[in-house]
Amino acid sequence: HKGTRTRADPPLSSSNLSILSSHTLLSFFFSSYAETVIYRIFYAMDRSGLGRLTLADLRRGGLLDALAALDAEDDVNRVLQYFSYEHFYVIYCKFWELDTDHDFLLSKEDLLRYGNHCLTYRIVDRVFAQAGRPFASGVPGRMGYEDFVWFILSEEDKATDVALGYWFRCVDLDGDGTLSPQDMLHFYEEQLHRMECLAHEPVSWGDVLCQLHDMLAPADEGAFTLRDLRRHRGLAGTLFNILFNLNKFVAF
């Protein structure tokens, strides 16, 4: 499936129809569910970013195992990889809540309300500058449903390769392949201001930078590369939460 979302249901392949017809829970939101599953598959498996999957991608991504599990399982929610209806419903409802005019497009102001305004203006600006990934919506200045699926999957689990790359590109302001203290401070300044406004105890940038060095041990002091983050992927998401997700930073 490729293209922008419309209100009309997209055509479904015979394999999609087989899955949808054999799991009755899926009938109500069948079009949006099918789209979401496709986006999740390509999010996890399209390593080249070209919009198509190779045989190696299929073997590596676990899709065939997930399809086999669907054949043996009556409850689609027990197949967590790609096909969970509950996962789809959470994604779809969050998009619907943000899309107040229900034109299936999100503005920058819409996305700022995500997660009870947990994200900074500066990171949302970078998302809408398409630094993390070019939008598929085809509408200037608007995020479509496919774009939102990529965003929310990257926001909710920052430890995956795709999410690390997405946020790394957003924070790497000069595009030089490293996150310098200057790059990161640009985002942390807004976090610091928000903490002060909400009466949280502020944490100085110097202390934050020292803690990040201790956690991630970059090969070159003062410059975090994507390789550094992938080497410590369990902690790498914390770097991004510190820089632009206030709720997760305060919890940390």
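Be aware that the sequence shown starts at 378, since it is given in my numbering, and climbs by one per residue.
Heads up, the beta-carbon is just placed ideally off N, CA and C, and yes, glycines get one too.
Note that the coordinates shown come from a computational prediction; the quantities given were computed from them, not determined experimentally.
C-beta atoms of residue i and residue j nearer than 7 Å
| i | j | result |
| --- | --- | --- |
| phenylalanine 528 | leucine 620 | no |
| lysine 485 | phenylalanine 512 | no |
| leucine 593 | aspartate 584 | no |
| tyrosine 543 | serine 531 | yes |
| methionine 422 | leucine 430 | yes |
| arginine 490 | leucine 475 | yes |
| leucine 550 | methionine 520 | no |
| leucine 589 | leucine 616 | yes |
| serine 425 | tyrosine 469 | no |
Cβ shell of residue i (< 8 Å), same chain only, five flanking positions each side left out
| i | result |
| --- | --- |
| alanine 628 | none |
| leucine 586 | Pro558 and Met561 |
| alanine 445 | none |
| glutamate 598 | His590 |
| glycine 554 | Thr602 and Leu603 |
Cut-off 6 Å between Cβ atoms - residues of its own chain near residue i, not counting five sequence neighbours on either side
| i | result |
| --- | --- |
| glycine 614 | Lys535 and Ala536 |
| leucine 595 | Contrary to the premise, residue 595 reads as proline rather than leucine in this sequence. For proline 595, where only same-chain residues beyond five positions count, the Cβ hits under 6 Å are Phe601 and Asp605. |
| arginine 610 | Ala536 |
| glutamate 523 | Tyr416 and Ala513 |
| leucine 488 | Val501 |
| proline 579 | Leu569, Met572 and Glu573 |
| lysine 625 | Asn618 |
Backbone secondary structure at residue i - three-state DSSP
| i | result |
| --- | --- |
| aspartate 597 | strand |
| asparagine 618 | helix |
| leucine 496 | strand |
| leucine 483 | strand |
Beta-carbon proximity list for residue i, same chain, < 7 Å, skipping 5 on both sides
| i | result |
| --- | --- |
| methionine 561 | Val548 and Leu620 |
| asparagine 622 | Cys495 and Leu496 |
| arginine 546 | Ala508 and Gly509 |
| histidine 577 | Val627 |
| phenylalanine 460 | Val414, Ala443, Leu447 and Val453 |
| phenylalanine 472 | Tyr522 and Phe525 |
Legend entry - Any 3 or more C-beta pairs closer than 8 Å across the region 563-580 and the region 493-508: Yes: at least three Cβ pairs fall under 8 Å.
Inset, instruction - Could you say if the region 455-469 and the region 404-423 meet the contact criterion of at least three C-beta pairs nearer than 8 Å? - result: Yes: the two stretches touch, three or more of their Cβ pairs being nearer than 8 Å.
Inset, instruction - Determine contact between the region 433-440 and the region 469-486, defined as no fewer than three beta-carbon pairs at a distance below 8 Å. - result: Flag = no, the region 433-440 and the region 469-486 do not touch.
Legend entry - Sequence ranges, alpha helix (DSSP H) only - wholly within the region 407-473, length at least 4: Runs of the alpha helix (DSSP H) inside the region 407-473: 407-422, 432-438 and 440-449.
Inset, instruction - List in chain order: all unbroken alpha helix (DSSP H) runs of 4+ residues lying wholly within the region 547-597. - result: When DSSP assignments are scanned along the region 547-597, the uninterrupted stretches of alpha helix (DSSP H) that are 4 or more residues long and fall wholly within it turn out to be 558-574 and 582-593.
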